[in-house]
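Presented below is the structure to which this report refers.
Protein chains in written order, with this note's numbering: chain Y, 1 to 410; chain D, 1 to 371.
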């Protein structure tokens, strides 16, 4: 007889403990920055963090904090408080929860450390611009905006010139805020580490090409934290090296992410943070493994533009051409490529009321996938960390019907 | 209003008006947003028309845009997909918010009006490099338009076009100022027809017509004698002329606005010396901003207070389209700026249609009594 507990244990990814340790140390460092004389910058998830690392500034990510809020199911309460302050309930739930957690107690880890400066890159959305303006007023600290023109059909020459110029403005801003010269030698090292980390992350994600897959996108949502927060450090490189080893070993040992992988699926958009476990169990019960997603690969999708020997110049293009800053037709190409690479049987679309640049256009992407690859898809709607908006029964009905379609296709 | 029937006709059936223009051989480009460089379009001999979205049911657009998209985007796409915009020879999308940004993609992939251009303007406007970029983008648009429409746009034509727009904008501003001085000279819905009409009608016609309107206003030819508590209206677009009437019935009167279909459309003149494209860029940088752009962290809060003071208004009404993120984000802090100055304000959120007149009257009356 199979010992179910033991069987489940063998499936657990062992690096999880290490990751939790690193993140704890990271947050302790950030929270004690005032005592240790370090500076703290709040930065958007798609923002160029590498110059901050080179200047020894601790980067803090309100969006990562948003994910923590969601995972600990504190989003609904914080979002409600934001609404009481006049913020519409239709706004991004990350932004609502973060803005309020600055003002009231109520978020995890006793709130984020106060920023000395704010770095906002609008390559992910226009929401971050408004969100960071609000925080700049609240904390009364300098705000740097890296304006990355949207690439509907390509990267125009004038955009190239404009973004490159702003990289110099960014380093000048940091020199001013940190009262020291920008360290270009250190920057070169950080740039190399960043590219190395991104390559490793891509390799980790690529292990899901294997049948059965050693990981799910729900695992990727968790292990993503370091490529977001500590990109450009040796810590991230070391961590992803060992995670990659573990994944390769799992493949070699035939350890699959779910007990009986029959169907493989692709996820679109951010996670529904307060239902990650529920969602993962729901699909696993249908023998379906979500092997890949468009979200976590956003932190390595621009590698083709990045030149590790000329990082500052190349990052201008890399950061401008990320997945969320390109046209729907470009996104379709990427999604189709993922459908093929991971050989999936279905497409799960999270229509995220919190994220218009990610969600508007999904119906067109859905139709293209249907037409080009003939695989079924399902749309699940939520606000990513405002659990009040989620209808579990509706999601369940849709998922069951979707899986039935896939099962019938065989 | 009989004397403004030309404006009312154009506004009530823009399609019909534009088709008649087309019969006379004009090419027509549709546009969104007050940051559209209309001067360049007009200099190409093309007629620019602002798209406002449908008032009818949304069916076709639902296959492309989620229910949590604003009525402007859904309505405009519905118009496009249902053939109601068949008079267009093309569309121009300046970069504004996340929704218009994606609408542009969906439009480009699902409609076929001929010419299509994204004008990816900078989002921040307070640096020299952004100004340079703004100029470059406008220059690119000029070249795209020349190529796409098979025309040449000379500096001379641009200068003439700029002069026309300066004239139109000055006239609209004068009308606003006259009405702010004496709100009884024109009803709010008449004013709405004039401003909206100015984004639809033949610009050369307006050059002659708007000065006539000003003269008539000076003669008090439209005098309504109505007055009321003075209000400033702020938000994105207001395509609901009834609102002005209901205000007036409730004892209030809108004396100024901060709308992209109002003062943000006509504020600021374009310089007439030097490079005309640079001059257009400069106007966008100097003008009151839309919340999707960045000038400073507090500019819109300061501006609304100043606008109330300058117009001797008693209160502010926030008229916000549901699902409009940039405005929704600015609302709490702008309200705070007003609260600090003891200026009362109210929020009216609009989905597709206005709430019933009775309901609105009650809300407005309550607010106006507070002033």
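Where is the CB? At the ideal position from N, CA and C, for every residue including glycine.
query: Does the Cβ of residue 98 of chain Y have 16 or more other Cβ atoms within 10 Å, making it buried, or fewer, making it exposed?
result: Within the first chain, numbered from 1, the residue matching residue 98 of chain Y stands at position 98. Residue 98 of chain Y comes out buried.
task: Assuming residue 48 of chain D contacts residue 159 of chain D (C-beta within less than 8 Å), just tell me the rounded distance between them.
output: Numbered from 1 along the second chain, position 48 holds the residue referred to as residue 48 of chain D. Numbered from 1 along the second chain, position 159 holds the residue referred to as residue 159 of chain D. Between residue 159 of chain D and residue 48 of chain D the Cβ distance is about 17 Å, and since that is not below 8 Å, they are no contact.
message: Going by C-alpha to C-alpha distance, which of Y/271, Y/241 and Y/284 sits closest to residue 258 of chain Y?
response: Working through the first chain from its first residue, we reach residue 258 of chain Y at position 258. Nearest option by C-alpha distance: Y/284.
query: Buried or exposed: where does residue 283 of chain D fall if 16 or more other Cβ atoms within 10 Å of its Cβ makes it buried?
result: Reading the second chain from its first residue, position 283 is the one you call residue 283 of chain D. Classification of residue 283 of chain D: buried, given that the 10 Å Cβ count is 16 or more.
- request: Using a Cβ cut-off of 9 Å, pull out every chain D residue sitting near residue 350 of chain Y, in sequence order please.
  value: Position 350 of the first chain, counted from the start, is the residue given in the question as residue 350 of chain Y. The premise fails here: residue 350 of chain Y is roughly 12 Å from chain D at the closest Cβ pair, so nothing lies under 9 Å.
- request: Look at residue 368 of chain D and residue 229 of chain D and say whether their C-beta atoms are less than 8 Å apart.
  value: Locating residue 368 of chain D in the second chain gives position 368, where the first residue counts as 1. Locating residue 229 of chain D in the second chain gives position 229, where the first residue counts as 1. In contact: residue 368 of chain D and residue 229 of chain D (Cβ atoms closer than 8 Å).
- request: Could you run through the stretch 153-168 of chain D and flag, in chain order, every residue whose CB is less than 9 Å away from some CB of chain Y?
  value: none
- request: Report the three-state DSSP secondary structure of residue 15 of chain D (helix, strand or coil).
  value: As a position in the second chain, residue 15 of chain D is number 15, starting the count at 1. Reduced to three states, the DSSP call for residue 15 of chain D is helix.
Within the stretch 265-293 of chain D, ranges of the alpha helix (DSSP H) (whole runs, at least 4 residues): 276-286
query: What are the residues that DSSP puts in a beta bridge with residue 235 of chain D?
result: Within the second chain, numbered from 1, the residue matching residue 235 of chain D stands at position 235. Paired residue(s): D/319.
field: Stretch pair the stretch 102-115 of chain Y + the stretch 261-271 of chain D: three plus CB contacts closer than 8 Å
entry: no
task: Can you tell me which of the three DSSP states residue 167 of chain D falls into?
output: The residue labelled residue 167 of chain D in the question sits at position 167 within the second chain. In the structure shown, residue 167 of chain D sits in a helix (DSSP, three-state: H, G or I).
task: Specify the secondary structure class of residue 39 of chain Y as computed by DSSP and reduced to three states.
output: Position 39 of the first chain, counted from the first residue, corresponds to residue 39 of chain Y. Coil.
Under 8 Å by beta carbon: chain D residues contacting residue 335 of chain Y: Locating residue 335 of chain Y in the first chain gives position 335, counting from the first residue. Under the 8 Å cutoff, chain D gives no residues; its nearest Cβ is about 14 Å from residue 335 of chain Y.
task: Run the CB neighbour count on residue 12 of chain D, radius 10 Å, all protein chains shown included, and call it buried at 16 or more, exposed below.
output: Position 12 of the second chain, counting from 1, holds the residue named residue 12 of chain D. Result: exposed.
message: On the CB-based measure, 16 or more other CB atoms within 10 Å of its CB, does residue 101 of chain D come out buried or exposed?
response: Mapped onto the second chain, residue 101 of chain D falls at position 101. Buried.
- request: Tell me whether residue 349 of chain Y sits in a helix, a strand or coil according to DSSP, three-state version.
  value: Here residue 349 of chain Y refers to the residue found at position 349 of the first chain. Residue 349 of chain Y: strand per DSSP, three-state reduction.
message: Give me the subset of the stretch 126-146 of chain Y whose CB atoms are less than 8 Å from a CB atom of chain D, sorted by chain position.
response: 126, 127, 129, 130, 131, 133, 134, 136, 137, 143 and 145
Three-pair Cβ contact test at 8 Å for the stretch 314-327 of chain Y versus the stretch 240-260 of chain Y: no
query: Going along chain Y, which residues have a C-beta under 7 Å from residue 65 of chain D?
result: As a first step, residue 65 of chain D must be located in the second chain, where it is residue number 65. In chain order: 360.
task: Return the CA-CA distance between residue 40 of chain D and residue 34 of chain D, expressed in angstroms with no decimal places.
output: For the purposes of this step, residue 40 of chain D is taken as residue 40 along the second chain, with counting starting at 1. For the purposes of this step, residue 34 of chain D is taken as residue 34 along the second chain, with counting starting at 1. Taking the straight line from one Cα to the other gives about 14 Å.
message: Can you pull the chain D neighbours of residue 80 of chain Y, defined as C-beta to C-beta under 8 Å?
response: Your numbering for residue 80 of chain Y matches position 80 in the first chain. What residue 80 of chain Y touches in chain D: nothing, since even the nearest Cβ is about 15 Å away.
- prompt: Quick one: what does DSSP say residue 92 of chain Y is sitting in, helix, strand or coil?
  reply: Start at 1 with the first residue of the first chain, and residue 92 of chain Y comes out as number 92. Coil, per DSSP.
query: residue 17 of chain Y bridges to which residues according to DSSP?
result: Looking up residue 17 of chain Y in the first chain gives position 17. Partner(s): none; residue 17 of chain Y has no beta bridge.
task: Could you work out which residue in Y/299, Y/61, Y/131 and Y/27 is closest to residue 42 of chain Y when comparing CA atoms only?
output: In the first chain, counting from the first residue as 1, residue 42 of chain Y sits at position 42. Nearest of Y/299, Y/61, Y/131 and Y/27 to residue 42 of chain Y, Cα basis: Y/61.
task: Over the uninterrupted alpha helix (DSSP H) stretch that includes residue 50 of chain Y, give me the two end residues.
output: Locating residue 50 of chain Y in the first chain gives position 50, where the first residue counts as 1. Taken as a continuous stretch (DSSP letters only), the alpha helix (DSSP H) holding residue 50 of chain Y covers 50-54.
query: Closer than 7 Å, Cβ to any Cβ of chain D: which residues of the stretch 79-111 of chain Y, in chain order?
result: 85, 86, 87, 88, 90 and 91
query: Expressed to the nearest angstrom, what Euclidean distance is found between the alpha-carbon atoms of residue 1 of chain Y and residue 97 of chain D?
result: As a first step, residue 1 of chain Y is located in the first chain; it is residue number 1 there, counting from the start. As a first step, residue 97 of chain D is located in the second chain; it is residue number 97 there, counting from the start. Bear in mind that the predicted position of residue 1 of chain Y carries a pLDDT of just 45, short of 50, making it unreliable; the figure below should be weighed with that in mind. Roughly 59 Å between the two C-alpha positions.
message: In the DSSP output, what is residue 347 of chain D paired with across the bridge?
response: Position 347 of the second chain, counting from 1, holds the residue named residue 347 of chain D. Residue 347 of chain D pairs with D/318.
field: Under 8 Å by beta carbon: chain Y residues contacting residue 109 of chain D
entry: On the second chain, residue 109 of chain D is found 109 positions in, with the first residue counted as 1. By Cβ distance, chain Y contributes 328, 329 and 364.
- prompt: What three-state label does DSSP hand residue 1 of chain Y in the structure shown?
  reply: Sequence index remark: in the first chain, residue 1 of chain Y carries index 1 (1-based). At residue 1 of chain Y, the pLDDT of 45 sits below 50, so the modelled position is not reliable; the number obtained from the coordinates is stated separately. Correct three-state label for residue 1 of chain Y: coil.
task: Verify the CB distance criterion: does residue 35 of chain Y have a CB-CB separation below 8 Å to chain D?
output: Counted from its first residue, the first chain places residue 35 of chain Y at position 35. Not closer than 8 Å to any Cβ of chain D, the Cβ of residue 35 of chain Y fails to qualify, so no.
- prompt: Using DSSP with H/G/I as helix, E/B as strand and the rest coil, what is residue 117 of chain D?
  reply: Taking the second chain and counting its residues from 1, the one referred to as residue 117 of chain D is at position 117. Residue state, collapsed to three classes: strand.
- prompt: Going along chain D in order, which residues have a C-beta closer than 8 Å to the C-beta of residue 169 of chain Y?
  reply: For the purposes of this step, residue 169 of chain Y is taken as residue 169 along the first chain, with counting starting at 1. By Cβ distance, chain D contributes 127 and 129.
N-terminal and C-terminal residue of the beta strand (DSSP E) that residue 47 of chain D is part of: Position 47 of the second chain, counting from 1, holds the residue named residue 47 of chain D. Unbroken beta strand (DSSP E) run through residue 47 of chain D: 46-50.
field: C-alpha distance - residue 192 of chain Y paired with residue 150 of chain Y, whole-angstrom precision
entry: Taking the first chain and counting its residues from 1, one reaches residue 192 of chain Y at position 192. Taking the first chain and counting its residues from 1, one reaches residue 150 of chain Y at position 150. Distance between the alpha carbons of residue 192 of chain Y and residue 150 of chain Y: 26 Å.
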